[in-house]
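Here the sequence shown stands for residues 265 to 693, numbered as in our numbering. See below for the structure under consideration.
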Amino acid sequence: MNVLLIGGGGREHALAWALSASPLLTTLHCAPGNPGIAEVATLAALDVTDHPAVIAYCRRHAITFVVVGPEAPLVAGIADDLADAGIKVFGPSRAAAELEGSKGFTKDLCREFAIPTAAYERFTAAGPAKDYVRRMGAPIVVKADGLAAGKGVVVAMTLDEALAAVDMMFDGGMGAAGAAVVVEAFMTGEEASFFALCDGETALALATAQDHKRVGDGDTGPNTGGMGAYSPAPVMTPAMVERTMAEIIRPTLAAMKARGRPFKGVLFAGLMITAEGPKLIEYNCRFGDPECEVLMMRLKDDLLTLLLGAADGQLRTMSARWYDEAALTVVMAARGYPGTPEKGSVIRGIERARALGGVEVFHAGTAVKDGEIVAAGGRVLAVTATGRNVTEAQEKAYRAVDLIDWPGGFCRRDIGWQAVARERTPGQD
C-alpha cells in the first residue's frame with residue numbers, strides 16, 4: 265500500500281515509525297513531516313488545509329490510504345473530502361470530529377446520553393459566565409469551546425483566577441476558540457488518557473497512558489500540550505478499563521450513531537478517575553501527543569492493519585496486543601514554552617541518545633538549518649524509552665535526555681512520578 269500521513273509533530277513521527285514497519289506498506293509519504301519523519305517517509309511540501317491539493321497528490325502518487333494525525337484537518341473536514349474523492353482515510357468526518365472541535369457539543373452529548381462528566385454550563389458572553397462562576401465558587405474549570413492546541417483550559421483555584429480566565433477568553437485571548445466558553449465543576453481524582461479505535465459500530469480498547477500537562481516539576485505552572493507521558497497507567501486497572509468502555513466509550517459511539525455522526529477513527533478520552541468511578545474530562549478525535557509516542561513503543565500488532573480495520577468497519581474481528589514493558593516519554597521543549605518559544609537553537613547528540621537500547625527520539629518541532637537540527641517549535645523532541653516497569657523506563661529516558669546537547673531546551677525531571685511512587689510502595693492506591 266502507498267500511505268500518506270498528514271501532520272508533522274511528535275505524534276506523527278511515532279505513527280510514521282510504527283507504520284514504516286508494516287509488511288503491508290509499499291511507500292510512506294508524510295505532509296508536511298519533519299526531519300525525523302524524513303528518515304522513514306518521503307516528505308511532501310503540501311498545504312494540508314488545501315484539500316484539493318492533497319487529493320491531487322494522492323492521485324499523482326497512487327496513495328490508497330490516508331492517515332490523519334492532527335485534529336485541525338479533521339475538524340476542517342479533510343476526511344469527508346478524501347472519502348468523496350474515493351480515497352480511503354483513517355479519521356472521523358467533520359461532523360464526528362465535533363467531539364473535539366466543540367467542548368460544548370461533547371458536554372451536551374454527555375448530558376443527553378447520561379455519560380458521566382462534570383456538571384457544567386455553556387456561555388457566549390462574559391457576564392453570565394462570571395455570574396455562574398461566582399455562584400459555583402472555586403476551584404472551577406474554564407474552557408474555551410473550540411480548538412486551542414491543548415492550551416484552552418484554565419483550572420482556576422481561586423475566584424479571581426476564574427473571573428480573569430473568563431475575561432481573557434471573551435477578550436480574544438484564545439482567538440476564535442474562546443468565542444464560546446464552557447464552565448464546569450472541578451473534579452478530584454487521578455487523570456488518565458484512554459484510547460479506543462472505532463469503526464462507527466465497534467470500539468476496540470487500546471493501551472492506557474498518563475499525560476503530564478503542567479509545564480513544571482510537581483505539576484506546577486501553566487497547562488501545556490503535554491510535557492511527558494507513560495504507559496500503562498496503573499490507575500487504569502482491568503476493571504476500570506471495562507467500566508470506561510461500558511459507561512463512556514460505547515455509549516458515546518451509540519450516541520454519535522444515533523445523531524447520524526458515526527465516529528470512525530481513534531477516540532481519545534481524557535478521564536478523571538474519581539471516587540465514584542471514571543468521568544469524562546474531554547474527548548479528542550485523534551491520538552494524543554505525547555501519549556502516542558509511548559503507545560507506539562508498546563504496540564505489538566501491526567498499526568496499519570488496525571487502522572485499516574477501523575476505516576473498513578472490521579474491528580469486531582480484531583484485537584490489539586501490547587508488550588508487557590512500560591514506556592515513558594520526556595518532552596524537551598524550547599525555552600519560553602508554553603509562551604513564545606525561542607526558535608533556531610542547535611540540537612546535537614540525538615544519535616547518542618538513540619544508541620541506547622530501547623530508546624527512540626521522536627521529532628516534534630525541529631527543522632534542518634546548515635546541516636544541523638534546530639528547534640522550530642515549542643515542544644521539540646519526545647525522548648522515549650521502554651523498561652520492565654515505569655521506574656526503569658524513566659531512568660533510561662532521562663539517561664537519553666542527558667546525552668542530548670541542547671542548551672536552548674528544558675524538560676520536566678519528574679515524568680512518571682505517580683507510577684514510580686506506586687512501584688516503590690506496592691499496594692498503594
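Ideal Cβ placement from N, Cα and C applies to all residues, glycine included.
List the endpoints of the continuous beta strand (DSSP E) containing F354.
Position 90 of the sequence shown, counted from the start, is the residue given in the question as residue 354. Segment 352 to 354, the beta strand (DSSP E) holding F354.
Between which residues of its own chain and D693 is the CB-CB distance below 6 Å, once the five residues before and five after are set aside?
On the sequence shown, residue 693 is found 429 positions in, with the first residue counted as 1. Here the model assigns D693 a pLDDT of 48, short of 50, so the residue's position is not dependable and the matter cannot be decided.
At the level of alpha carbons, what is the spacing between V339 and S583?
Reading the sequence shown from its first residue, position 75 is the one you call residue 339. Reading the sequence shown from its first residue, position 319 is the one you call residue 583. Approximately 28 Å between the Cα atoms of the pair.
Count the C-beta pairs between the stretch 548 to 561 and the stretch 367 to 381 that are closer than 8 Å, then say yes if the count reaches three, no if not.
no
Strictly by DSSP, which residues pair up with F434?
Within the sequence shown, residue 434 is the residue found at index 170, counting from 1. In DSSP, F434 forms no bridge with anything.
Mind checking which residues open and close the beta strand (DSSP E) that includes T648?
Against the sequence shown, residue 648 aligns to sequence position 384. Where T648 is concerned, the enclosing beta strand (DSSP E) stretches over 643 to 651.
Below 8 Å on the Cβ atoms is my contact criterion, and I expect L292 with V304 to pass it. Report the Cβ-Cβ distance as a whole number of Å.
As a working note, residue 292 is residue 28 in the sequence shown. As a working note, residue 304 is residue 40 in the sequence shown. Right, the Cβ-Cβ distance comes to about 6 Å (below 8 Å), so this counts as a contact.
Pull up the distance between the alpha-carbon of G673 and that of R525, whole angstroms please.
In the sequence shown, residue 673 corresponds to position 409, counting from 1. In the sequence shown, residue 525 corresponds to position 261, counting from 1. C-alpha of G673 to C-alpha of R525: approximately 42 Å in a straight line.
Is A657 closer than 9 Å to A646 when the C-beta atoms are compared?
As a working note, residue 646 is residue 382 in the sequence shown. As a working note, residue 657 is residue 393 in the sequence shown. The answer is no: Cβ separation not under 9 Å.
Per DSSP, what kind of secondary structure is D678 in: helix, strand or coil?
Here the question's residue 678 lines up with position 414 in the sequence shown. Here D678 sits in coil by DSSP.
Count the other CB atoms, across all protein chains shown, that sit within 10 Å of the CB of D463; report buried if there are 16 or more and exposed otherwise.
The sequence position of residue 463 within the sequence shown is 199, counting from 1. Result: buried.
In chain order, which continuous runs of the alpha helix (DSSP H) of length 4 or greater are located wholly inside the stretch 403 to 484?
If only complete runs of 4 or more residues are kept, the stretch 403 to 484 shows the alpha helix (DSSP H) at 423 to 434, in order along the chain.
Taking only the alpha-carbon atoms, compute the straight-line gap between E555 and A473 and give it to the nearest angstrom.
Here residue 555 refers to the residue found at position 291 of the sequence shown. Here residue 473 refers to the residue found at position 209 of the sequence shown. Going by the C-alpha atoms only, they are around 6 Å apart.
Let me know the secondary structure DSSP gives R523 once reduced to three states.
Indexing the sequence shown from 1 puts residue 523 at position 259. Coil at R523, not helix or strand.
Would you kindly work out how many angstroms separate the C-alpha atoms of P486 and G603, rounded to a whole number?
The residue labelled residue 486 in the question sits at position 222 within the sequence shown. The residue labelled residue 603 in the question sits at position 339 within the sequence shown. Rounded to the nearest angstrom, the two C-alpha atoms are 9 Å apart.
Going along the chain, which residues of its own chain have a beta-carbon closer than 7 Å to the beta-carbon of T655, five neighbours each way excluded?
Along the sequence shown, read from residue 1 onward, the residue named residue 655 stands at position 391. Only V684, E687 meet the Cβ criterion.
Quick one: which unbroken alpha helix (DSSP H) runs of 4-plus residues sit fully inside the stretch 549 to 618? Chain order, please.
555 to 562, 567 to 576, 614 to 618
Short check: CB of M438 to CB of G416, under 9 Å?
Locating residue 438 in the sequence shown gives position 174, counting from the first residue. Locating residue 416 in the sequence shown gives position 152, counting from the first residue. In this structure, M438 lies near G416, with their beta-carbon atoms less than 9 Å apart.
State the start and end residues of the unbroken beta strand (DSSP E) segment that holds G365.
Within the sequence shown, numbered from 1, the residue matching residue 365 stands at position 101. Where G365 is concerned, there is no enclosing beta strand (DSSP E), although the alpha helix (DSSP H) it sits in stretches over 362 to 365.
State the CB to CB distance for the pair A389 and V405, rounded to an integer number of angstroms; the pair is presumed to be in contact (CB under 8 Å).
Working through the sequence shown from its first residue, we reach residue 389 at position 125. Working through the sequence shown from its first residue, we reach residue 405 at position 141. That belief does not hold up - the Cβ atoms of A389 and V405 are roughly 19 Å apart, past 8 Å.
Grab the span of the beta strand (DSSP E) containing M536 for me, first residue to last.
As a working note, residue 536 is residue 272 in the sequence shown. That run of the beta strand (DSSP E) goes 528 to 538.
Tell me the residue span of the beta strand (DSSP E) that contains R358.
For the purposes of this step, residue 358 is taken as the residue at position 94 of the sequence shown. Per DSSP, R358 belongs to no beta strand (DSSP E) and is neither H nor E.
Using the rule of at least 16 other Cβ atoms within 10 Å of the residue's Cβ for burial, across every protein chain shown, is E448 buried or exposed?
Here residue 448 refers to the residue found at position 184 of the sequence shown. E448 comes out buried.
Closer than 7 Å by C-beta to L570: which residues in its own chain qualify, once you throw out the five before and the five after it? Chain order, please.
The count along the sequence shown starts at 1 and reaches residue 570 at position 306. Closer than 7 Å at Cβ, skipping near neighbours: L461, M582, A584.
Closest to L535 by CA distance: which of W670, M504, K521 is it?
In the sequence shown, residue 535 corresponds to position 271, counting from 1. Nearest of W670, M504, K521 to L535, Cα basis: M504.
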